[in-house]
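Chemist: There's a structure below that I have some questions on.
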Amino acid sequence: MSLRSPFLLTRRHALFGAGAAMVAPGVLSWPLMPKSAMAQGAVIDITRARTDPIPIAIPAMAGASADAQRLGRDIANVIQTNLRNSGLFRPVERQAFIQSPEAAAATPRWQDWRVIGTQALTTGRVEAQGDRVRVEFRLFDVLAEQQIQGTAFTAPAAQWRRIAHLISDVIYERMLGEKGYFDTQIVYISESGPRDRRTRRLAIMDQDGENHRFLTDGRFQALTPRFHPNARQIAFMSYLRNEPRVYLFNLDSGQQQVLGSFSGMTFSPRFSPDGRSVILSAARGGDANIFIVDLASRRERQLTSGGSLDVSPCFSPDGTQIVFNSDRGGDQQLYVMGADGSGVRRISFGNGRYATPVWSPRGDLIAFTRMAGGQFAIGVMRPDGSGERILSEGWAMEGPTFAPNGRVLAFYRETRARDSRGGGYSSRLAQIDIAGFNERQMVTPSDASDPSWSPLLS
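For the sequence shown, the numbering used here gives the first residue as 689, with consecutive numbering after it.
This is the structure we're talking about:
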């Protein structure tokens, strides 16, 4: 792809070709113990947990009826999968349990859990209440022989998976001292068809791949979706009516509308941290510059100018700075400027070209795509450009996006088909810890690209 393409490194293939209900809010929770008791219990350092995952026992939750028991098993299974996939917990095999889940839910017998190497224990009860369900959950420090968290959730029975994600977040935070990321969604581009005639649809799913649904029908190409801070709106690029434009998609109504009245192509949108505006790139002639659009007034303000290609802008979490990539220095590199376009400074100086920067929600890192020597890589650096680290390398990978706690990245990776005669390839989502460990593929029903991780839903 030419360096003068406004997409630069992003979207390697044929960009200009042919033209389950959302989880509702309202899950209620309340503590089952005094706040002073919640403050007790050991917190494990994440660095230690990366090398020595926390052994945790997650028995099925007890229930008075067969339906409640089945739901208790399902909830425990989701919690176990979430924690195992984080790479920071090691669920103890249930075949090793000595005390039954029902007995443990009443009173844990500490020695029975210590002898099988358990450090943390969860118990719970499920109670059906018509079309609603109440889930009582407790977390114990086995070595200290004390409860460190107790919470109850009440919600429509259909939202049982979300309850499991919320409980997973509670465990993550109580054991590691940081917010979890399980009660979230990922919006991405679902890809199908031949490589030179790909169909790209907007799709959304829970972070574990469940509750998947398509948001667009594929009649028009969709690219680079990005979540609003309230997780109820998505900005993306679409080729509706063969015009490349930035659109807004409302997840509650299913309606979409074009953003702005630019004369040229608009692309690579992202919301501001306060959700009141969208920053994007607009191409006119051979240049691409960065604009910000106020969502209330739809007024446009240009932030960069000149004969370069300034693309892929992203705000810092506090809204005071913007990172973007540009070829203004003769090669494609990362730059940071003030939110008003002032004080532009280059921050990438490694070997290769840089693109698709995204600021961590913690504000401490910027993730990026790098291409050097024919290889792609996903990496992170500090906002001043120091401390650059490559997390994963391969034939083709792009589009990092941070989980809301800033500890995990998702991106997409392409792999070539083994049968070179077919010339095929596949594109899949992956995630990796910011320390560069625990890379794993995320499950989607088709090829996938351009992921965007939502904020916490509650």
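Think of the CB as a built atom: it goes at the ideal place given N, C-alpha and C, for glycine as much as any other residue. Nothing here was measured: the structure is a model prediction, and the numbers come from that model.
Do residue 906 and residue 813 have their CB atoms nearer than 8 Å?
Modeler: no
Chemist: Just the Cα atoms here: how many angstroms apart are residue 1054 and residue 1070?
Modeler: 6 Å
Chemist: Would you identify the three-state DSSP class for residue 1066, choosing helix, strand or coil?
Modeler: strand
Chemist: Does the count of Cβ pairs from the stretch 872 to 889 and the stretch 909 to 920 closer than 8 Å reach three?
Modeler: yes
Chemist: Buried or exposed: which applies to residue 1133, given that a residue is buried once 16 or more other Cβ atoms fall within 10 Å of its Cβ?
Modeler: exposed
Chemist: May I ask you to verify whether the stretch 738 to 753 touches the stretch 771 to 788, counting CB pairs closer than 8 Å and requiring at least 3?
Modeler: yes
Chemist: What span of residues does the beta strand (DSSP E) with residue 1047 cover, start to end?
Modeler: 1041 to 1047
Chemist: How big is the Cα-Cα spacing for residue 825 and residue 852?
Modeler: 10 Å
Chemist: Report the option in 832, 809, 889 and 945 whose CA atom is closest to the CA atom of residue 859.
Modeler: 809
Chemist: Determine the contact status of residue 1086 and residue 1100, defining contact as a CB-CB distance below 8 Å.
Modeler: yes
Chemist: Quick check: the stretch 865 to 873 against the stretch 887 to 901, are there 3 or more CB pairs under 8 Å?
Modeler: yes
Chemist: Between the alpha carbons of residue 1084 and residue 1136, how many angstroms are there, rounded?
Modeler: 13 Å
Chemist: Looking only at DSSP bridge pairs, what is residue 959 linked to?
Modeler: 966
Chemist: Taking the continuous alpha helix (DSSP H) assigned at residue 864, which residues delimit it?
Modeler: 848 to 864
Chemist: By how many angstroms is the C-alpha of residue 941 removed from the C-alpha of residue 920?
Modeler: 10 Å
Chemist: Since residue 968 and residue 1011 should fall inside the 8 Å C-beta cutoff, what is the C-beta to C-beta distance between them, to a whole number of angstroms?
Modeler: Not a contact, Cβ separation roughly 14 Å.
Chemist: Label residue 882 either buried or exposed according to how many other C-beta atoms from any shown protein chain fall within 10 Å of its C-beta, with 16 as the threshold for buried.
Modeler: Looking at its Cβ environment, which holds fewer than 16 other Cβ atoms inside 10 Å, residue 882 is exposed.
Chemist: Let me check understanding here. Comparing Cα to Cα, which of 832, 836 and 1144 lies closest to residue 811?
Modeler: Among 832, 836 and 1144, the Cα nearest to that of residue 811 belongs to 836.
Chemist: Since residue 651 sits in a beta bridge, which residues does DSSP pair it with?
Modeler: The question about residue 651 has no answer, for the chain in this structure spans 689 to 1146.
Chemist: Can you list, in chain order, the residues of its chain whose CB lies under 7 Å from that of residue 1007, leaving out five sequence neighbours each side?
Modeler: 960, 961, 962 and 1027
Chemist: With 16 as the cutoff for other CB atoms within 10 Å, does residue 951 come out buried or exposed?
Modeler: exposed
Chemist: How close, in whole Å, do the beta carbons of residue 771 and residue 744 come, if the pair is a contact with beta carbons under 8 Å?
Modeler: 6 Å
Chemist: Quick one: what does DSSP say residue 938 is sitting in, helix, strand or coil?
Modeler: strand
Chemist: Classify residue 1035 as helix, strand or coil using the three-state DSSP reduction.
Modeler: Correct three-state label for residue 1035: coil.
Chemist: Runs of 3 residues minimum, wholly inside the stretch 857 to 911: which ones carry the beta strand (DSSP E) assignment?
Modeler: Runs found: 873 to 880 and 887 to 894.
Chemist: From this set, 1140, 1079 and 998, which residue's C-alpha is nearest residue 1128's C-alpha?
Modeler: 1079
Chemist: Buried or exposed: which applies to residue 1140, given that a residue is buried once 16 or more other Cβ atoms fall within 10 Å of its Cβ?
Modeler: buried
Chemist: Excluding the 5 residues flanking residue 1014 on each side, which residues of the same chain have their C-beta closer than 6 Å to its C-beta?
Modeler: 996, 998 and 1023
Chemist: In angstroms, rounded to a whole number, what distance separates the CA positions of residue 773 and residue 1130?
Modeler: 10 Å
Chemist: How close, in whole Å, do the beta carbons of residue 994 and residue 1036 come, if the pair is a contact with beta carbons under 8 Å?
Modeler: Contact doesn't hold; Cβ gap of about 19 Å is too wide.
Chemist: Starting from the C-beta of residue 761, find all residues in its chain whose C-beta is less than 7 Å away, skip the five residues before and the five after it, and write them out in chain order.
Modeler: 748
Chemist: State the DSSP-derived secondary structure class of residue 918, mapped to helix, strand or coil.
Modeler: Here residue 918 sits in coil by DSSP.
Chemist: Closest to residue 930 by C-alpha separation, out of 915, 918 and 953, would be which residue?
Modeler: Nearest Cα to residue 930 within the set 915, 918 and 953: 953.
Chemist: Would DSSP call residue 774 helix, strand or coil?
Modeler: helix
Chemist: Would you mind sorting residue 834 into buried or exposed? The rule is 16 or more other CB atoms within 10 Å of its CB.
Modeler: Around the beta carbon of residue 834, fewer than 16 other beta carbons sit within 10 angstroms, so the residue counts as exposed.
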